Amino acid sequence: MENFRQFVVFLLAAVLLGTLSVVFALTWVLHWRGGLAWDLGLLEFNWHPVLSIIGFILINGLAVIIYRLPWTWNVSKPLMKYIHAGLNIAAFVLIVISLVAVFDFHNSKSIPNMYSLHSWIGLAAVIMYALQIVLGLCTFLLPFTPTYIKAFYMSIHVFAGLFIFGMAIAAAEMGITEKLIFTLRSGSNITLSYSRSPPEAILVNTLGVFILVFGGCILWIATRPEWKRPPEHINKIIGNEEGSTLNETNVSAETNMERVPEGTARMRYLNLEEACQRSTF
Ligand code: HEM
Numbered sequence: 007m008e009n010f011r012q013f014v015v016f017l018l019a020a021v022l023l024g025t026l027s028v029v030f031a032l033t034w035v036l037h038w039r040g041g042l043a044w045d046l047g048l049l050e051f052n053w054h055p056v057l058s059i060i061g062f063i064l065i066n067g068l069a070v071i072i073y074r075l076p077w078t079w080n081v082s083k084p085l086m087k088y089i090h091a092g093l094n095i096a097a098f099v100l101i102v103i104s105l106v107a108v109f110d111f112h113n114s115k116s117i118p119n120m121y122s123l124h125s126w127i128g129l130a131a132v133i134m135y136a137l138q139i140v141l142g143l144c145t146f147l148l149p150f151t152p153t154y155i156k157a158f159y160m161s162i163h164v165f166a167g168l169f170i171f172g173m174a175i176a177a178a179e180m181g182i183t184e185k186l187i188f189t190l191r192s193g194s195n196i197t198l199s200y201s202r203s204p205p206e207a208i209l210v211n212t213l214g215v216f217i218l219v220f221g222g223c224i225l226w227i228a229t230r231p232e233w234k235r236p237p238e239h240i241n242k243i244i245g246n247e248e249g250s251t252l253n254e255t256n257v258s259a260e261t262n263m264e265r266v267p268e269g270t271a272r273m274r275y276l277n278l279e280e281a282c283q284r285s286t287f
């Protein structure tokens, strides 16, 4: 893999920031917001940030870059597809539970639903995520889907995945800000108001920064063409069947030979980079 060290730096940063985001979210609700419960009240609301950050930010982010991990390149593509789909479905389940928590809380307290920009962007992202999962399953996991449909849909699927992930980051940032403004109002205890930067506000603002930078790391890793998983046949050729690793292997011109159907069958030689651009589904 090209720029392997840079890849590892971004990956480690993403894992660290993603983990810290979850730790900070839990610290926020457990230390400052009374804890977690399923009681139709504020403690039930607290599941909303915790589960949405674990599901829509952390797990969704890891699912986005799962194919980029070079350690998985000798795992078969079908198995990787199941892992990618499984992570996304797990994330989706957590998001749905997080939404049930906030709708329950609103309904029990007669607070209006869906009035904020946060809720519009958030719900739109969840609906698009559901669609993305269903279309992804039908296109890439059903064995009888024609290859031309897979090829056509692939770039839409990739773009939509990144777009939805970006929407989730935006929704989380807005939700965090909204919640801080709601809870840290300048009331009787002026020193605890948001504008006085109490410890809770510092921790949660930092959480927002972690989520943003985590998103940046994921998007950077996902958009570097040189860190793409090589197509399956290249994987087999360059060592995974012979026990050598991708980093060590020198690929000869013959190994990149591919048949290109263009009327008359002829052989075309591809360099590795070019071959890698040709996705397998
Ligand atoms: C990132 C994924 C998130 C999504 C998809 C999401 C989605 C939603 C939706 C659809 C609602 C409307 C519920 C209703 O109207 O009854 C809502 C409400 C709310 N969310 Fe989130 N949310 C996310 C993350 C967060 C985070 C991290 C926080 C931080 C505390 C948060 C705070 C709030 C608050 C305070 C409300 C109630 C006020 C409002 O409706 O805007 N959300 N969220």
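Counting along the sequence shown from 1, when you hit position 252 you're at 258 in the working numbering, and nothing is skipped either side.
Note that CB positions come from ideal geometry on N, CA and C, so glycine has one too.
No experiment lies behind these values; they were computed from the predicted model shown.
Is residue i near residue j, with beta carbons less than 7 Å apart?
{"i": "residue 50", "j": "residue 124", "result": "no"}
{"i": "residue 145", "j": "residue 151", "result": "yes"}
{"i": "residue 3", "j": "residue 133", "result": "Absent from the model: residue 3. The displayed extent of the chain is 7 to 287, so no value can be given."}
{"i": "residue 101", "j": "residue 61", "result": "yes"}
{"i": "residue 216", "j": "residue 68", "result": "no"}
{"i": "residue 22", "j": "residue 110", "result": "no"}
{"i": "residue 131", "j": "residue 173", "result": "yes"}
{"i": "residue 190", "j": "residue 200", "result": "yes"}
{"i": "residue 56", "j": "residue 20", "result": "no"}
{"i": "residue 127", "j": "residue 177", "result": "yes"}
{"i": "residue 13", "j": "residue 226", "result": "no"}
{"i": "residue 224", "j": "residue 70", "result": "yes"}
{"i": "residue 182", "j": "residue 214", "result": "yes"}
Whose C-beta lies closer than 6 Å to the C-beta of residue i among residues of the same chain, with five residues either side of it excluded?
{"i": "residue 54", "result": "104, 107, 108"}
{"i": "residue 246", "result": "Any reading at residue 246 is ruled out, since the residue's pLDDT is 48, under 50, leaving its predicted position unreliable."}
{"i": "residue 114", "result": "46"}
{"i": "residue 166", "result": "138"}
{"i": "residue 74", "result": "227, 233"}
Quick one: what's got a C-beta closer than 8 Å to residue i's C-beta in the same chain, skipping five residues either side?
{"i": "residue 41", "result": "35, 49, 52"}
{"i": "residue 139", "result": "91, 94, 95, 98"}
{"i": "residue 196", "result": "202"}
{"i": "residue 118", "result": "112"}
{"i": "residue 168", "result": "70, 225, 228, 229"}
{"i": "residue 269", "result": "At residue 269, the pLDDT of 39 sits below 50, so the modelled position is not reliable; the number obtained from the coordinates is stated separately. Counting only Cβ-Cβ distances below 8 Å, and skipping sequence neighbours, we find nothing."}
{"i": "residue 63", "result": "24, 27, 174, 175, 178, 217, 220, 221"}
{"i": "residue 72", "result": "78, 86, 89, 90, 93"}
{"i": "residue 120", "result": "126, 129"}
Report all residues from its chain with a CB closer than 7 Å to the CB of residue i; omit the five preceding and five following residues, and keep chain order.
{"i": "residue 38", "result": "206"}
{"i": "residue 43", "result": "49, 50"}
{"i": "residue 170", "result": "131, 134, 135, 138"}
{"i": "residue 260", "result": "Low confidence applies here, because residue 260 scores a pLDDT of 30, under 50, leaving its location unreliable and the question unanswered by this model."}
{"i": "residue 248", "result": "Residue placement at residue 248 is poorly supported in this model, since its pLDDT is 35, which falls under 50; the coordinates still yield a value, given next. Within the same chain, residue 248 has no close Cβ partners at all."}
{"i": "residue 147", "result": "87, 91"}
{"i": "residue 18", "result": "none"}
{"i": "residue 58", "result": "101, 104, 178"}
{"i": "residue 212", "result": "30"}
{"i": "residue 187", "result": "200"}
{"i": "residue 198", "result": "190, 204"}
{"i": "residue 122", "result": "184"}
* Asked: Okay, do the segment 206 to 223 and the segment 155 to 170 touch, 3+ Cβ pairs below 8 Å being the bar?
  -> The way I'd put it, the segment 206 to 223 doesn't touch the segment 155 to 170; fewer than three beta-carbon pairs between them come closer than 8 Å.
* Can we say the segment 230 to 239 touches the segment 199 to 211, given the rule of at least three CB pairs closer than 8 Å? -> Verdict: no, contact absent.
* In chain order, which continuous runs of the alpha helix (DSSP H) of length 4 or greater are located wholly inside the segment 129 to 217? -> Those alpha helix (DSSP H) runs which fall completely within the segment 129 to 217 and span 4+ residues are 153 to 189.
* Which ranges does the alpha helix (DSSP H) cover as unbroken runs of at least 4 residues, wholly within the segment 28 to 53, from first to last along the chain? -> Counting only runs of 4 or more, we get 48 to 51.
* Segments of 3+ residues assigned as beta strand (DSSP E) that fall wholly inside the segment 53 to 82 -> DSSP assignment within the segment 53 to 82 yields no whole beta strand (DSSP E) run of 3 residues or more.
* **alpha helix (DSSP H) runs contained entirely in the segment 89 to 134, provided each spans 4 or more residues** => You should have found no qualifying run.
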